[in-house]
Amino acid sequence: MKLKVNGQFVNFSEGETILEVASKVGAEIPTLCHDARLNPVGACRSCLVEVEGSRRLVPSCYQKAEDGMEITTENDRIERHRKTLFALYLTDQPETREQAEPHKTNEIFEFAERYEAPQNWGKMENIREDREDRNPYVNFEPETCISCARCVRYCDEIEGVSAITLADRGSKTTISTVDSLSLLDTTCEMCGGCIDVCPTGAMGEKIPLTKNAKHERELEKVRSTCNFCGVGCQLELNVDKEANDGKGQVVKVTSPPVGETTNDGNLCVKGRFAYEFINHEDRLTEPLVRGEDGQFYPTTWENALEVAAKGLLGVAERHGADSLGFVSSSRCTMEENYLVQKLSRAVFKTNNVHQCAAT
Ligand code: SF4
Ligand code: SF4
Ligand code: FES
């Protein structure tokens, strides 16, 4: 099937939305409530485009593409709509951008700047109820919430947990839990996905906030592999390069964008929040070998490996290869686990090799 986007023919398959088809030709359409992993709801109206023959602008994230459609994503009418929409959203946001995004980018301000929305339409009083929550990771700022429900839908459709919900009605609509309980007293798994999908930062991370960390724009993202299990989820370590006496410090962990890696934008509680061990003072930072007195002493990697190899060979010579056993870890990558079994079987000639995830 075929349709036209801004005068250009594009092929598409049944079931694709206008937004998906338009992105194939690089059309830039702002979105707030859209997430490729979630069922579309068409709630925020930021993605409206023109479809030939339709009196109204249509939500491209929701509307399915149809054969022969003629779609326009940029013209005066759409620009007017975007200016008005983001100006209205701004009236229900904090006074300044600094207040509205202490740590994470607030896309309302991004889009308002991009589409040159008027910033002087006044401010509405925030009447959404605040909610105290003693959980250590997820912070909620009702003032910046736009009720797009991405967090709620993520929790429901991806996590299958339904710990949070839209509560109250009209302009009081906010995000809450059953009886406003702390997330710790709900089914919440502390995956932090609600933080990740939130377009405004209303759902935010507590640790960087309490530690007064730099804004994410000033952090460097370093791609890494999570070492908490063998799935191999990809992470982005958000590093403040100047912190820790210039040695650098991980300020938070995020996922690479949806669709790019095996974890598809998702992380679990360990991958997302258990990063403070990286700079923990108890952490080993150099190899140690035991001296004659039984105590550990720092040494070089060459020496440590030589001592280990001699020790293992000595045991094999005295008691036979099967007196050795090799245990690797699900915290290692698949390649590292492969190398451990290779070392065991090919070098030390024993099949006594195991990995904790195998049990
Ligand atoms: S942290 Fe995860 S499980 Fe908890 S409310 Fe957010 S999305 Fe749901
Ligand atoms: S907290 Fe964020 S994701 Fe959830 S409804 Fe509010 S703005 Fe949307
Ligand atoms: S992104 Fe389409 S209506 Fe929100």
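Just so you know, we're using the numbering used here here: the sequence shown kicks off at 25 and counts up by one. Ideal Cβ placement from N, Cα and C applies to all residues, glycine included. In this text the structure is predicted, and so the values were computed from the model without any measurement.
Exposure of residue i, with buried meaning 16 or more beta-carbon neighbours within 10 Å
i, result
"I151", "exposed"
"S200", "buried"
"P281", "exposed"
"K276", "buried"
"M358", "exposed"
"C380", "exposed"
"V176", "buried"
"P223", "buried"
"L329", "exposed"
"E260", "buried"
"R138", "exposed"
Residue j beta carbon less than 8 Å from that of residue i
i, j, result
"L72", "L81", "yes"
"A89", "F33", "no"
"T168", "G225", "yes"
"S47", "F135", "no"
"Y161", "I231", "yes"
"T210", "S171", "no"
"V339", "N327", "no"
"V221", "R155", "no"
"N236", "N268", "no"
"V185", "I95", "no"
"I132", "T97", "no"
"T278", "N262", "yes"
"N251", "R121", "no"
Straight-line Cα distance separating residue j from residue i
i, j, result
"T234", "T129", "17 Å"
"K265", "V246", "11 Å"
"M93", "G50", "17 Å"
"V331", "T309", "18 Å"
"A67", "M214", "26 Å"
"N290", "V255", "12 Å"
"V377", "A333", "17 Å"
"S248", "G194", "43 Å"
"D203", "N159", "16 Å"
"C253", "F301", "16 Å"
"N361", "K238", "37 Å"
"I102", "I188", "34 Å"
"E38", "M25", "8 Å"
"F164", "G228", "6 Å"
"S347", "D306", "32 Å"
"W325", "R342", "26 Å"
"L56", "C212", "24 Å"
Collapsed DSSP secondary structure at residue i in the structure displayed
i, result
"E134", "helix"
"M227", "strand"
"I95", "strand"
"R193", "coil"
"V371", "helix"
"P83", "strand"
"P322", "strand"
"L205", "coil"
"H127", "coil"
"F252", "coil"
"V185", "coil"
"K235", "coil"
"V65", "coil"
"F301", "helix"
beta-carbon residue i near ligand 5 non-hydrogen atom, thresh 7 Å
i, result
"V221", "Because ligand 5 does not appear in the structure shown, any question about it cannot be addressed here, the ligands present being ligand 1, ligand 2 and ligand 3."
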